[in-house]
Every structure is written in structure tokens, then in C-alpha cells.
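Undergrad: Everything in the sequence shown is counted per the numbering used here, starting at 3 for the first residue and increasing by one.
Below: one structure in C-alpha cells.
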Amino acid sequence: TVLSHMICQATGADAAASQAAAERLERGVFDALYSEEDLRDYRAKIRFFARELRRPSEAQQRVLKGLLDGSVSAESVVAQDEDDFLSAESLAKKAKLREEGMRSAVTE
Numbered sequence: 003t004v005l006s007h008m009i010c011q012a013t014g015a016d017a018a019a020s021q022a023a024a025e026r027l028e029r030g031v032f033d034a035l036y037s038e039e040d041l042r043d044y045r046a047k048i049r050f051f052a053r054e055l056r057r058p059s060e061a062q063q064r065v066l067k068g069l070l071d072g073s074v075s076a077e078s079v080v081a082q083d084e085d086d087f088l089s090a091e092s093l094a095k096k097a098k099l100r101e102e103g104m105r106s107a108v109t110e
């Protein structure tokens with residue numbers, strides 16, 4: 003899967019361990035967010051992890067390694083506030099977009 007490949011690249015773990023960690027993470031997202039009526043939250047969280055793991059920060063790598071060795075549960079990763087999981091670069095982009103949006107709303 004995409005997540006297992008990204009975990010493998012981010013941590014240097016072997017394919018089997020990365021696949022197992024990705025399955026635990028996806029199961030955690032599924033258990034927390036899946037609804038037959040509305041898949042949007044589930045899909046959004048999976049896309050979030052896929053996007054953020056393309057170039058993981060050191061903090062994200064530590065979380066992934068914890069997921070691999072079992073010291074971090076998938077449920078805790080899923081429950082973590084998304085801003086806590088973002089890289090510094092992503093946080094800066096998000097803050098810039100928020101600021102631009104506020105400026106735009108004030109000037110209208």
C-alpha cells in the first residue's frame with residue numbers, strides 16, 4: 003500500500019514490518035472514523051497521513067518507528083491533533099494560508 007511504502011522509506015524498516023505498521027495505522031483510522039453513511043472523515047485522514055509521510059519530519063519518523071516497534075499505538079496516532087503531526091514546513095504553510103484568508107475576509 004501507499005502508507006506501507008512511505009513508512010518503509012521514512013524509517014528504513016523492511017517491507018513486512020512497514021506493511022504491518024501501515025495495516026495497524028489504517029485499522030486505527032478505520033475504527034475511529036469509518037461510517038457506512040459517510041466515508042469523508044476516513045478518507046480525509048488516510049489522505050492526510052499519505053500527504054504528510056511523503057517527506058516526514060524527524061518527529062514523524064519517531065512516531066512511525068514507535069508504531070513499528072509497538073511503543074506507539076495506532077489509536078494514539080489517529081487521535082493526535084493533526085497540527086501536532088505536521089512538519090514545520092506544513093505548519094508554516096497552514097499559518098500563511100490562514101493569515102491570507104483572514105486578511106481577505108477583513109478586506110471584503
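C-beta atoms are modelled at their ideal positions from N, C-alpha and C, and glycine is treated no differently.
Under 8 Å, with one C-beta from each stretch per pair, do the stretch 44-54 and the stretch 63-70 reach the 3-pair mark?
TA: Cβ pair count under 8 Å is below three, so no.
Undergrad: Within the chosen definition, does the stretch 91-107 reach the stretch 69-78 through at least 3 CB pairs nearer than 8 Å?
TA: No, the stretch 91-107 is not in contact with the stretch 69-78.
Undergrad: The alpha helix (DSSP H) that contains residue 71, what's its start and end?
TA: Residues 60-71.
Undergrad: If contact is defined by three or more beta carbon pairs under 8 Å, each pair taking one atom from either stretch, is the stretch 77-89 in contact with the stretch 26-36?
TA: Output reads yes: the stretch 77-89 touches the stretch 26-36.
Undergrad: I need the straight-line Cα distance from residue 7 to residue 17, nearest angstrom please.
TA: Going by the C-alpha atoms only, they are around 8 Å apart.
Undergrad: Using DSSP with H/G/I as helix, E/B as strand and the rest coil, what is residue 82?
TA: Three-state DSSP puts residue 82 in coil, outside helix and strand.
Undergrad: Rounding to the nearest angstrom, what Cα-Cα distance links residue 88 and residue 81 in this structure?
TA: Computed Cα separation, rounded: 14 Å.
Undergrad: Compare the beta carbon distance of residue 41 and residue 5 with 8 Å and say whether it is the shorter of the two.
TA: No, they are not a contact pair.
Undergrad: Taking just the CA atoms, how far does residue 96 sit from residue 23?
TA: Whole-angstrom Cα-Cα distance: 28 Å.
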